[in-house]
Amino acid sequence: MLSFSSVYYKNDEKTILKDIHIHIESGDYISIVGPSGSGKSTFLKLCNNLISPTNGTILYNHKNILEYNPIELRKEISYCFQIPHLFGDRVIDNLIFPFNIRNKQLNMDKIKELCNLFNLNKEILNEKIINLSGGEKQRIALMRNLIFPSHILLLDEITSSLDGENTKIIEDIIHELNKTGTTILWVTHSKEQSIKHANKLLTIENSEIKSLEVLR
1 MLSFSSVYYK
11 NDEKTILKDI
21 HIHIESGDYI
31 SIVGPSGSGK
41 STFLKLCNNL
51 ISPTNGTILY
61 NHKNILEYNP
71 IELRKEISYC
81 FQIPHLFGDR
91 VIDNLIFPFN
101 IRNKQLNMDK
111 IKELCNLFNL
121 NKEILNEKII
131 NLSGGEKQRI
141 ALMRNLIFPS
151 HILLLDEITS
161 SLDGENTKII
171 EDIIHELNKT
181 GTTILWVTHS
191 KEQSIKHANK
201 LLTIENSEIK
211 SLEVLR
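Numbering (the UniProt record's numbering), first residue to last: 1 to 216.
In structure tokens:
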């Protein structure tokens, strides 16, 4: 589904990733681990062309990722950042956005269903962004990504601001998405989280793939 061949990424002459070779299969649930600064987030950004490789080739469904319209590509390969980027004045502004860019009719029932799933009172929809906690922002950002299903979901430390109860809720939601066919790539620093539901464990160290372990 997604294939990296001899991929390098450099920034200001500093090599962030080097000689990356990996084949990601449809339905994979891959946990990505490694020290801070090893290139994990850069790897995710390459997966949906938020940044382009300095050298090498990335194929999505056997086609060079650079040949896709970036907006259309990111509808199929969706990225959720560790530090959530929310916009507008209120929460609802962020959850209307996915409908607007697809020219789809707003479905408030879907939004309220997600609020319930994420353990958020629907009253939060009218809350101002500046009043949200870090954990609430992370959950709203993920909800925005999940309103329309993507083929691949890229997750970067998305539970770092959550308590244990809400972390488990998110883990269960992602696990269910994977069981229904969504391919998951999840960067995490939690050893427990990394092996809980994933079928593969990718370790990146010193800008290189150290190992790709099959867990189940």
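The beta-carbon is built from N, C-alpha and C at its ideal position, and this holds for glycine as well.
Local Cβ density within 10 Å of residue i, reported as buried at 16 or more and exposed below that
i: T180; result: exposed
i: G134; result: exposed
i: E136; result: buried
i: T57; result: exposed
i: G37; result: exposed
i: V33; result: buried
i: V214; result: exposed
i: L106; result: exposed
i: D28; result: buried
i: P98; result: buried
i: H197; result: buried
CB-CB length for residue i against residue j, believed under 8 Å
i: I152; j: L142; result: Actually they are not in contact, since the Cβ atoms of I152 and L142 sit about 15 Å apart, beyond 8 Å.
i: I209; j: I22; result: 6 Å
i: S6; j: N69; result: Incorrect: roughly 25 Å between the Cβ atoms, too far for contact.
i: I170; j: L177; result: Not really, about 11 Å apart at Cβ, beyond 8 Å.
i: I129; j: D89; result: 7 Å
i: S41; j: M1; result: About 21 Å; that fails the 8 Å criterion.
i: L117; j: I173; result: 6 Å
Start and end residues, beta strand (DSSP E) containing residue i
i: F4; result: L2 to N11
i: N55; result: N55 to Y60
i: S211; result: E208 to V214
i: H21; result: K14 to I24
i: E67; result: Taken as a continuous stretch (DSSP letters only), E67 belongs to no beta strand (DSSP E), as it is neither H nor E.
Segment limits, alpha helix (DSSP H) that includes residue i
i: K40; result: K40 to C47
i: N103; result: Run containing N103: none; DSSP gives neither H nor E here.
i: H175; result: G164 to K179
i: S31; result: That residue, S31, is in no alpha helix (DSSP H); its beta strand (DSSP E) goes Y29 to V33.
i: I51; result: Careful: I51 lies outside any alpha helix (DSSP H) and carries neither H nor E.
i: E192; result: K191 to K196
Proximity of residue i and residue j at Cβ, strictly below 7 Å
i: S31; j: L212; result: no
i: S207; j: K18; result: yes
i: L125; j: I92; result: yes
i: N48; j: L73; result: yes
i: G39; j: I204; result: yes
i: R144; j: L95; result: yes
i: K104; j: C115; result: no
i: L59; j: S3; result: yes
i: L146; j: Y79; result: no
List, from N- to C-terminal side, the beta strand (DSSP E) runs of 3 residues or more that fit wholly inside the region 71-135.
77-80
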